[in-house]
Amino acid sequence: MHAGFINIDCGLSENTSYVESTIKITYVSDFGFTDTGVNRNVSAAYIANKQPYSRHFLTLRSFPDGDRNCYTLRSLTSGYKYLLRAFFMYGDYDGLNKPPIFDVYLGVDLWGKVDLTKDDKISMLEIIAFSPNDFLQALYPGGANASQSLVLLNRNNMCVSGPSPSILRYPDDPYDRLWLLYESSPEYTQVSTALPVGHIADDMFEAPQIVMQTALTPVKNSSSINYSWQPNPGGINSFFTVFFFSEMKALEANELREFNVFLNDGLLTKNEPYSPMVLTSDALLGTVGGEPEYNITLKATERSTLPPILNAVEVYTIVPVTQAVTDNSDGKIKLMRYFLVLKKT
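Heads up: the sequence shown begins at 1 in UniProt numbering, then just goes up one per residue.
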């Protein structure tokens, strides 16, 4: 198993492991992480009619009994941050052609809803968590917050052309975050560099270098960059955003790249316009909420001679932790024994 990773192939036979052929990460059986459910295989007919799947999608664990079924992750290190990601695919494993809907809990709090009835596609949930002792607690970037957690909504690599694959992950990202290629419009083009891109001191995000070596920019100098999303109907309408920037080269004396950031026409960069740092990864971050939709606009100032650029974006939903743990002994029971809970809806 790769140091720092726990990669579980649900439904894999007991005491079995393998190295994934493309990203070279070791997957192990989920035996020992859960004591309920049964191992099943995705339907051969289903696989034949779909795109090729990685090996870890070919097996699954079904939970036909009980309203709640749990996975427990042990041997965690106190004070470490953990990225947790779970994939779900029905694959007509039971031959009934009835994809399920269910809730997933992290400890005692709702992580997200999995709905596999929509085109039976793969569903993914991701959250960042940390362990204050030997159990997990939700993390808010930059520090602990026992009343909130962050659930990933979008993570985009703003590369619009070139050799970049549709998804960047390990080993390009040592934390195995999934950076999805942004689906841009013809009004944007790409700038890039082959030079190494560094990080600011105490960078708590550490976007991978390959992501920071490319950026999206408008074709016309007078144009802006727009990035939009909508809250889920009836869902939480509060978000934490991270916009990553790095200037691709040292600018000439007569060149200037500076821009303001707007949310639905309201100015966010109120102190002063922003200028990316040369070959250094930096980020603008903040919280937004209460809007029916979110349109982020990067607009060059009047004196700027160059249009804005954007290297990458992360958007998280801010989810309240309704039953924060305050007592260590009580928390150890609640969060270690009932760490990952799948509940029927």
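Think of the CB as a built atom: it goes at the ideal place given N, C-alpha and C, for glycine as much as any other residue. These numbers were taken from a predicted model, which means no experiment stands behind them.
Can you look up residue i in the DSSP assignment and give me helix, strand or coil?
| i | result |
| --- | --- |
| I128 | strand |
| N145 | Low local confidence applies: a pLDDT of 48 at N145 is under 50, so the model's placement there is unreliable, with the coordinate-based value given in what follows. DSSP places N145 in coil when its eight states are reduced to three. |
| I23 | coil |
| I200 | coil |
| I6 | coil |
| Y18 | strand |
| Q209 | helix |
| A86 | strand |
| I47 | helix |
| F33 | coil |
| R74 | coil |
| S13 | coil |
| F63 | coil |
| R155 | strand |
| R303 | coil |
| L139 | With a pLDDT of only 29 at L139, under 50, the local geometry of the prediction cannot be trusted, and no value is derived from it. |
| Q323 | The pLDDT assigned to Q323 is 48, lower than 50, so where the model puts this residue is not dependable; a value taken from the coordinates is nonetheless given after this. Here Q323 sits in coil by DSSP. |
Just confirm the distance between the C-beta atoms of residue i and residue j, as a whole number of angstroms; I'd bet it's less than 8 Å.
| i | j | result |
| --- | --- | --- |
| F259 | K299 | 6 Å |
| V261 | M158 | So it is not a contact: roughly 15 Å between Cβ atoms. |
| Y182 | V160 | 7 Å |
| M124 | R155 | That pair is no contact at about 11 Å. |
| D214 | Y188 | Inspection of the sequence shows that residue 214 is occupied by Thr rather than by Asp. Actually they do not touch by this definition, with Cβ atoms about 12 Å apart. |
| Y18 | R55 | 7 Å |
| T297 | S184 | Wrong, their Cβ atoms sit about 15 Å apart, outside the cutoff. |
| T36 | G66 | 6 Å |
Do residue i and residue j have their CB atoms nearer than 8 Å?
| i | j | result |
| --- | --- | --- |
| N226 | N311 | no |
| F239 | T287 | yes |
| T117 | N69 | no |
| I127 | I236 | no |
| F205 | V242 | yes |
| D30 | I8 | yes |
| V38 | R61 | yes |
| G95 | T59 | no |
| P208 | D173 | yes |
| L153 | I167 | no |
| N264 | E291 | yes |
| V104 | W229 | no |
| I23 | P186 | no |
| I122 | V114 | no |
| F63 | V42 | no |
| L284 | Y274 | yes |
Sequence ranges, beta strand (DSSP E) only - wholly within the region 216-265, length at least 3
With a minimum length of 3 residues, the continuous beta strand (DSSP E) runs that stay inside the region 216-265 are 225-229, 238-245 and 259-263.
Check whether the region 73-80 and the region 91-103 touch, using three or more Cβ-Cβ pairs below 8 Å as the test.
no
Touching or not, the region 241-255 and the region 189-203, by the rule of three or more beta carbon pairs under 8 Å?
Verdict: yes, contact present.
Using a Cβ distance threshold of 8 Å, determine whether the region 301-309 contacts the region 278-287, with at least three qualifying pairs required.
no
Can we say the region 197-216 touches the region 107-116, given the rule of at least three CB pairs closer than 8 Å?
Result no; under three Cβ-Cβ pairs closer than 8 Å.
Every unbroken beta strand (DSSP E) inside the region 165-195 [3 residues or more]
179-181 and 188-192
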